[in-house]
Structures are given as C-alpha cells and as structure tokens.
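Working notes, structure below.
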Amino acid sequence: MKVLVTGAGGFLGAHVVERLLTHGYTDIRCFLRERSKGEQLLRISAAYPDAQVELCFGNLRSKSDCARAAADVSLVFHLAAGLKGSPAELFADSVVASRNLLEALEGRDSFPAPQTRVVLVSSFGVYGVAALRRGAQVDEQTPLEGRPELRDPYSQSKLRQEQLFWDCQRKMGFELVILRPGVIYGPGGGAFSNRVGLQIGPVFFHLGGSNLLPLSYVDNCAEAIVVAGTHPDSAGQVYNVHDDDLPTASRYLRAYKKHVRRMRSVRLPYFMTRMLAGALESYHRRSQGQLPAIITRYKAAAAWGGNTFSNAKLHGLGWRQLVSTSDAMAQTFAYLSEQGKQQ
Amino acid sequence: MTLKIAIIGCGKIADAHVEEIRKIPSVQLVAVCDLEPIMAEQLAMRFAVPNWYSNVSTMLEAEKPDVLHITTPPQSHLSLTRQAVAAGCHVFIEKPVALRHGDVVAIVQAAVETGKKLAVNYWPNFEAPALELRRLYEAGTLGSPVHVESFYGYNLAGEYGTAFKRDPDHWVHRLPGKLFQNVLDHALNKITPFLVDEHPFIQAVAYCGEPTPDGADPSQLLDELRVIIRGSQTSAYVTFTSHARPIEHSLRVHGTRNTARLDFQARTLVLDRQQGFPSALGRLFPPFLTAKDYLRQGLKNVNSFSHARFHYFDGMRRLLSEFYLSVERDSPPPIDYGEILRVSAMMERIFEQVYPEVFA
Numbered sequence: 001m002k003v004l005v006t007g008a009g010g011f012l013g014a015h016v017v018e019r020l021l022t023h024g025y026t027d028i029r030c031f032l033r034e035r036s037k038g039e040q041l042l043r044i045s046a047a048y049p050d051a052q053v054e055l056c057f058g059n060l061r062s063k064s065d066c067a068r069a070a071a072d073v074s075l076v077f078h079l080a081a082g083l084k085g086s087p088a089e090l091f092a093d094s095v096v097a098s099r100n101l102l103e104a105l106e107g108r109d110s111f112p113a114p115q116t117r118v119v120l121v122s123s124f125g126v127y128g129v130a131a132l133r134r135g136a137q138v139d140e141q142t143p144l145e146g147r148p149e150l151r152d153p154y155s156q157s158k159l160r161q162e163q164l165f166w167d168c169q170r171k172m173g174f175e176l177v178i179l180r181p182g183v184i185y186g187p188g189g190g191a192f193s194n195r196v197g198l199q200i201g202p203v204f205f206h207l208g209g210s211n212l213l214p215l216s217y218v219d220n221c222a223e224a225i226v227v228a229g230t231h232p233d234s235a236g237q238v239y240n241v242h243d244d245d246l247p248t249a250s251r252y253l254r255a256y257k258k259h260v261r262r263m264r265s266v267r268l269p270y271f272m273t274r275m276l277a278g279a280l281e282s283y284h285r286r287s288q289g290q291l292p293a294i295i296t297r298y299k300a301a302a303a304w305g306g307n308t309f310s311n312a313k314l315h316g317l318g319w320r321q322l323v324s325t326s327d328a329m330a331q332t333f334a335y336l337s338e339q340g341k342q343q
Numbered sequence: 344m345t346l347k348i349a350i351i352g353c354g355k356i357a358d359a360h361v362e363e364i365r366k367i368p369s370v371q372l373v374a375v376c377d378l379e380p381i382m383a384e385q386l387a388m389r390f391a392v393p394n395w396y397s398n399v400s401t402m403l404e405a406e407k408p409d410v411l412h413i414t415t416p417p418q419s420h421l422s423l424t425r426q427a428v429a430a431g432c433h434v435f436i437e438k439p440v441a442l443r444h445g446d447v448v449a450i451v452q453a454a455v456e457t458g459k460k461l462a463v464n465y466w467p468n469f470e471a472p473a474l475e476l477r478r479l480y481e482a483g484t485l486g487s488p489v490h491v492e493s494f495y496g497y498n499l500a501g502e503y504g505t506a507f508k509r510d511p512d513h514w515v516h517r518l519p520g521k522l523f524q525n526v527l528d529h530a531l532n533k534i535t536p537f538l539v540d541e542h543p544f545i546q547a548v549a550y551c552g553e554p555t556p557d558g559a560d561p562s563q564l565l566d567e568l569r570v571i572i573r574g575s576q577t578s579a580y581v582t583f584t585s586h587a588r589p590i591e592h593s594l595r596v597h598g599t600r601n602t603a604r605l606d607f608q609a610r611t612l613v614l615d616r617q618q619g620f621p622s623a624l625g626r627l628f629p630p631f632l633t634a635k636d637y638l639r640q641g642l643k644n645v646n647s648f649s650h651a652r653f654h655y656f657d658g659m660r661r662l663l664s665e666f667y668l669s670v671e672r673d674s675p676p677p678i679d680y681g682e683i684l685r686v687s688a689m690m691e692r693i694f695e696q697v698y699p700e701v702f703a
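Following this line, the structure appears as structure tokens:
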C-alpha cells in the first residue's frame, strides 16, 4: 500500500511520517514544497532501511504536481494547508489545493477513487463555539461554525475545506476520515496559541485565564492521525484530537515563564476582554477599518469563551497518549528555552 | 446615480479594492469574479458581495457593471480590458499594467477608442502629502524640478516575500521583469509628474543583495535595483532595495527654488528652503524650521486619524473617488494617460538592461 502524506515538510508532517513508519508502513510518498525540508525526512527514514520513503516536491496549487502526488496511492494523509498569509492565500493553499488533490485522485487510472482512503487533518477552528455557553463541552457533535464570515480567515478556510471534502466524498465515493486537532505544540512549534493570549507590542495580554487549553503534543497528534486514519471503523467519522490532562492557559503561561523566559503579562478577565473587543469592534466599524478588528466579541467568545473538551471518541479507537502532558510541556519548554538562548 | 462596480481577480490585492470601494457611498460592488470559483466564492463570502462568478463574460452580461476593476495577474490585463470596454465598462487596473510596453499602449488605445475611462492603481500619488506636493509644485513653490529621487524599500522578509522566495512557481517569478516588474510602477510613477521627457536617458543596474543558496542562479534572485534617468531639464535616481531597513518609501524633489521631502511611510512633507540668514545663523535656524514642518505634519496626521482618514490605502480611496467622479461627470480621469505610458516605457527600458535575454 502506497501512502501519500501532503505537507510532509511541516511541523506535524514529519511526525506523521515517523509514526507511519513505526506502525509498519513501508511505502510512503512525502509531498512537500521546500527542498530544504526534505533532509529531516531522510534522517527519519534512515532508521527504517526496509521502508521506501519517496520525496515528491511540488505545490498543490499546481494540478500537474497533484497528479504526480496522487499517482498509485491508496491512502492519503492530507496535512498541507495554509497557516498564515492573506485570506486569499489561505483559501488557495487550503481549499483550492485540496480540490486539486481530490480531482487528481479522481482522475487516476491506477486506483479507482472508491478504493482510496483520504484522511483530512482539519482543525478545532471549524466548530461554532462562540454560540456555546461558557464551560460547554466541545466534542464531535458540536455544531460547525454557522457564521464563518465573523471568524478569522484561517477558520473560514478550514471550514470550507471540510465542506469540500464531504462534497467530493459523496461524489467520488472514497473513504473519508477527518481529524480535528486542537492546539498542536512541541519542539519546532510556536510558544503560544492565541488561546493563551496575545502579544501586543511589549506586553503579553493573558486572555485565556483558567480556560482549558486543548493541547495536542505533536507526537501524540501524529499518533492519533495514524491510528484514526488507518482504523477499519473510522471511515466516514470525525475525531477531535487533544491530549489528556489538559492544562489551563494560566498554568501553561506560568510554566513558560518559569522554564523559558521571564516576560511581562497582563491578565484580562473574560468580561473585560469582551468589553475591549466590543469597543475595538465599534471603533473599527465607525472608522471604516482604520484599526484592524483583531478582536471582536464573536472572535473573543470563540477563543476565550472557555470550554471543556472530550477525546473519548479517539480513545475508543485505541489511541493512547505517547507522551504525557507534563513531559510534553517540559520538552517543549526546553526547546523554546534553547531557541531563546541561541537568539 | 449609483455606479455598479465589479472585480475580476480575487487574489490578495482584491481585498484592498473591496475595502476601499465600500467606503465610497456613491457606488455599489455588485459582483466579483475569478477563474477559480473557490477564490471568487471566498471573497464574496467574506465581504458579503451579492454575486460571484467564475466566467467574466457571464458576469459582464448579467451584472452590466459601470466599472470593472482588473486585479488579475498582468498577463491577462490586455484581453480583459478589451473585453470590458467592449461590454461598456470603464476600467480600473491594478499595477503592473501589462507585461510589455506594447500591451500598455494597446490597453490605453482600447480605452480611448471606445470612449471608456481608464485608471491604474497608482494610489501612493493620491496620499494627502503627495497631493500637497503636487499643489506646491503647481504653485511654483519648488521652482523648476532639477533632480528627483525616488526611494522604494521592499520587505522580502514578510509573508509575501517569504511566499515569493519559497515558491519557484510564484506568479511574480513568471513576470519577465520578475520582482521589479511587480513593484517598480510605484517607484517610477512618483517621478513622472516631474520628468516629462518621452525618451530620457536611462541607466539601470541590478544585483542580488544577499548570498544566494548553493546552486541557485543569482540572476534569478535580483532584488536590488539602481536607476539613473536624465531628461532634458530634470534628472532622477530611482532606488529599489529589499535589504535596507527601515523600509522607506520616499520622494525628494530638488527644485530651482526649494526642495521637498516626502515620506510616504510617515506621511510627511517638509520643505528645505533657501536661507536668508547670514553666516552661522543660516546654519542655526534650519533644524528648527524643519522641526516646525514635521510638527505641523504630525498634527495634520493626528487630525486625519481622528477623522478616520488615516487608513493604509487612503490614497486608493481618494483615487477611486476621483475616478468614479470622472466616470459620472464624463471628465478627464485622475491619471493622465501620458503618465501611464511614460512609466511603462521607462520600465521596459530598465528591464531591457536588467534582463536583456528576455527583453532583447
């Protein structure tokens, strides 16, 4: 079975390739944009001499590159997505690229689409959590965002990407598994999710307070993707991905300050964040966008409204956390500390 | 009369067009279009545009817009302009106008022959201090321009630059004048109001300002450009730099009477005046006079901010307002076609020297 991993050069992609090798998959095509990212994949594959790890460079915005990527594969892990840039770039890299890939799968002679399984790595950002009451649990039954125009472009693009996959699945008949990770973190990743707070100028505004952070350590997330993506009962299912023993935003920030670097932070309670968001939103509207509405009441509710989370469905497939949350945070902070020293 | 506006091309810059169009009360954005339906759909969704299309003919037929904004890559500008003016639309084009000077000439011709109006998005020239400079020049405060310096800094470390450098298939790499072709309009269109020669002497040199990766062809990564231009009465320097910090967009006009310094980033315009004070006093007073100019400009900016007229693309809003007004009143468009053609001709001459294999 030839496996395709798109976005293999990314933070999560390399870990998914490693977990696939660990699980015994021996024929893997890694699709990635940047040649410089290929070296780490070759290092990983060196530990599995019996495996064939092919590096396939290209851009999923190109239909011909998609055709090369899709040739002869029967299991696709689609991780490639736009993470930053303009809204147009996010849509091009997440939605247009996905459509190109799915069309390439449909256009092949070697493997009919219905005999192919596609595993999409989506995001928590697709949930319509702004409408939930404070403390409500987010699980796979939580409704999808109904007001995408009020959310950030990343969430908009991921929501549209999911809709595209379900539409194409109905039309083409492939098996579809969707995973929705929370905040992926670990060595090589960033320090803070917006769920903890925002750095504005020299001050870090701690907005997450005592909210739980749906953290997913990169190794644990990759394991979840492989377990769910290859499980015989997962076709047509959606799985939320986060670790057990989730820390609060406050606990995470305290640990960061203790182990990585001292920093100034100002904690804003949720009601004050909402008030400030309302004022900024109002000014943004009155001034016709003179200052960007980086926070609106709707976005504040989505990011800092405060939810609990369940990964019970993922556990039901047999997924177990490879690295405990305390070890994961320690490893992440050790990496970030080292990075800080180098800078 | 409410003008109906449509946009073809739903990439990154289309967001700015939509935002500025929505600030103008006398017009309505009726539809957006992109060959890629997902891109048209996303723009319409994010800005609540009533209709979106993936075929420009269908959109022009169904919506019958008065003005079409063309924000596609420049390869398509000529054919889209011809299609738009034939359908009765006036045209507002994003820079670069076209890949080659001949195409720019054809675009202007298409507008002139059909009696439709055309403008190019030379928005920095419509920032408040740029308009003030124009008024000073026309009032004779500067005298005759002797020398003009246009400095254009560019941030290749940002998101756009990262995407451009990372992706060898990025559409900017496919421009014959590569990176320079995408941005040089803004460096040159600042000097053309002062340098009116049709065929000035031009000497250009370009180089790569950072070590190139092993195996990379440095000629493919040119990101520094210097140009000397000499007209019959006025000379000019143009500096395009990707590495100098802080990023600077500025224009200096040395006249026979006074010199003006325009900072597009800080939105300030100050005058270096001839001194009447004798000896050491002539060296004592200028900093205070300049400080007074900066204070006045700073207060003007505070006033603009307090009246919500200090947006990044405020110049584009002003340019669009003037363009739409010219359509409504059938008056001359805000940018003289001769200026558009002179910018384009200069770009072609520069690229002939920088990329002779392409522009021979």
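First to last, the sequence lines map onto chains A and B. The first sequence runs 1 to 343 under the working numbering. The second sequence runs 344 to 703 under the working numbering. For every residue, glycine included, the Cβ atom is placed at its ideal position computed from N, Cα and C.
Please state whether the Cβ-Cβ distance between residue i and residue j is less than 8 Å.
{"i": "alanine 449 (chain B)", "j": "leucine 474 (chain B)", "result": "no"}
{"i": "phenylalanine 620 (chain B)", "j": "phenylalanine 628 (chain B)", "result": "yes"}
{"i": "asparagine 220 (chain A)", "j": "arginine 195 (chain A)", "result": "no"}
{"i": "alanine 359 (chain B)", "j": "leucine 485 (chain B)", "result": "no"}
{"i": "glycine 229 (chain A)", "j": "valine 95 (chain A)", "result": "no"}
{"i": "alanine 688 (chain B)", "j": "histidine 444 (chain B)", "result": "yes"}
{"i": "arginine 477 (chain B)", "j": "proline 536 (chain B)", "result": "yes"}
{"i": "alanine 549 (chain B)", "j": "valine 697 (chain B)", "result": "yes"}
{"i": "valine 121 (chain A)", "j": "isoleucine 225 (chain A)", "result": "yes"}
{"i": "alanine 14 (chain A)", "j": "leucine 41 (chain A)", "result": "yes"}
{"i": "cysteine 353 (chain B)", "j": "alanine 374 (chain B)", "result": "no"}
{"i": "phenylalanine 666 (chain B)", "j": "proline 676 (chain B)", "result": "yes"}
{"i": "alanine 301 (chain A)", "j": "alanine 130 (chain A)", "result": "yes"}
{"i": "glycine 520 (chain B)", "j": "methionine 690 (chain B)", "result": "yes"}
{"i": "tyrosine 680 (chain B)", "j": "threonine 582 (chain B)", "result": "no"}
{"i": "asparagine 240 (chain A)", "j": "phenylalanine 192 (chain A)", "result": "no"}
If we cut at 8 Å on Cβ distances, does residue i have a partner in chain B?
{"i": "lysine 37 (chain A)", "result": "no"}
{"i": "phenylalanine 91 (chain A)", "result": "yes"}
{"i": "glycine 85 (chain A)", "result": "yes"}
{"i": "asparagine 59 (chain A)", "result": "yes"}
{"i": "alanine 130 (chain A)", "result": "no"}
{"i": "serine 62 (chain A)", "result": "yes"}
Which word fits residue i, buried or exposed, when buried means at least 16 other C-beta atoms lie within 10 angstroms of its C-beta?
{"i": "aspartate 409 (chain B)", "result": "buried"}
{"i": "glutamine 452 (chain B)", "result": "exposed"}
{"i": "histidine 23 (chain A)", "result": "exposed"}
{"i": "histidine 542 (chain B)", "result": "exposed"}
{"i": "phenylalanine 271 (chain A)", "result": "exposed"}
{"i": "leucine 346 (chain B)", "result": "buried"}
{"i": "aspartate 243 (chain A)", "result": "buried"}
{"i": "aspartate 245 (chain A)", "result": "exposed"}
{"i": "arginine 134 (chain A)", "result": "exposed"}
{"i": "serine 649 (chain B)", "result": "exposed"}
{"i": "leucine 372 (chain B)", "result": "buried"}
{"i": "proline 554 (chain B)", "result": "exposed"}
Which whole-angstrom value describes the C-beta separation of residue i and residue j, a residue pair presumed to lie in contact below a C-beta threshold of 8 Å?
{"i": "glutamate 502 (chain B)", "j": "glycine 85 (chain A)", "result": "5 Å"}
{"i": "alanine 547 (chain B)", "j": "leucine 568 (chain B)", "result": "7 Å"}
{"i": "serine 622 (chain B)", "j": "leucine 605 (chain B)", "result": "Not really, about 31 Å apart at Cβ, beyond 8 Å."}
{"i": "phenylalanine 11 (chain A)", "j": "glycine 189 (chain A)", "result": "5 Å"}
{"i": "lysine 460 (chain B)", "j": "valine 686 (chain B)", "result": "About 18 Å; that fails the 8 Å criterion."}
{"i": "glutamine 418 (chain B)", "j": "leucine 442 (chain B)", "result": "6 Å"}
Kindly indicate if chain E contains any beta-carbon less than 8 Å away from that of residue i.
{"i": "arginine 160 (chain A)", "result": "The structure shown contains no chain E; its protein chains are A and B."}
Return no unless some Cβ of chain A is closer than 8 Å to the Cβ of residue i.
{"i": "glutamate 507 (chain B)", "result": "The sequence given here has phenylalanine at residue 507 (chain B), not glutamate. False, the Cβ-Cβ gap to chain A never drops below 8 Å."}
{"i": "lysine 313 (chain B)", "result": "The first residue shown for chain B is 344 and the last is 703, placing residue 313 (chain B) beyond what the model contains."}
{"i": "histidine 516 (chain B)", "result": "no"}
{"i": "arginine 600 (chain B)", "result": "no"}
{"i": "lysine 355 (chain B)", "result": "yes"}
{"i": "alanine 462 (chain B)", "result": "no"}
{"i": "glutamate 362 (chain B)", "result": "yes"}
Notebook entry, point to check: Looking at chain B, which residues of the region 109-126 of chain A have a Cβ within less than 8 Å of any of its Cβ atoms?
Noted result: none
Checklist line | Residues of the region 134-153 of chain A with Cβ closer than 8 Å to any Cβ of chain B, in chain order | finding: Pro148, Glu149 and Pro153
Check: Got a sec: which bits of the region 276-301 of chain A sit with their beta carbon under 8 Å from any beta carbon on chain B, in order along the chain?
Finding: Arg286, Ser287, Gln288, Gly289 and Gln290
Check: Got a sec: which bits of the region 91-106 of chain A sit with their beta carbon under 8 Å from any beta carbon on chain B, in order along the chain?
Finding: Phe91, Ala92, Val95, Val96 and Arg99
Next item on the list: For the region 371-386 of chain B, enumerate the residues whose C-beta is nearer than 7 Å to any C-beta of chain A, in chain order.
Entry: Glu379, Ile381, Met382 and Gln385
Next item on the list: Give, in chain order, every residue of the region 5-21 of chain A whose Cβ lies closer than 7 Å to some Cβ of chain B.
Entry: Residues of the region 5-21 of chain A with a C-beta atom less than 7 Å from some C-beta of chain B do not occur.
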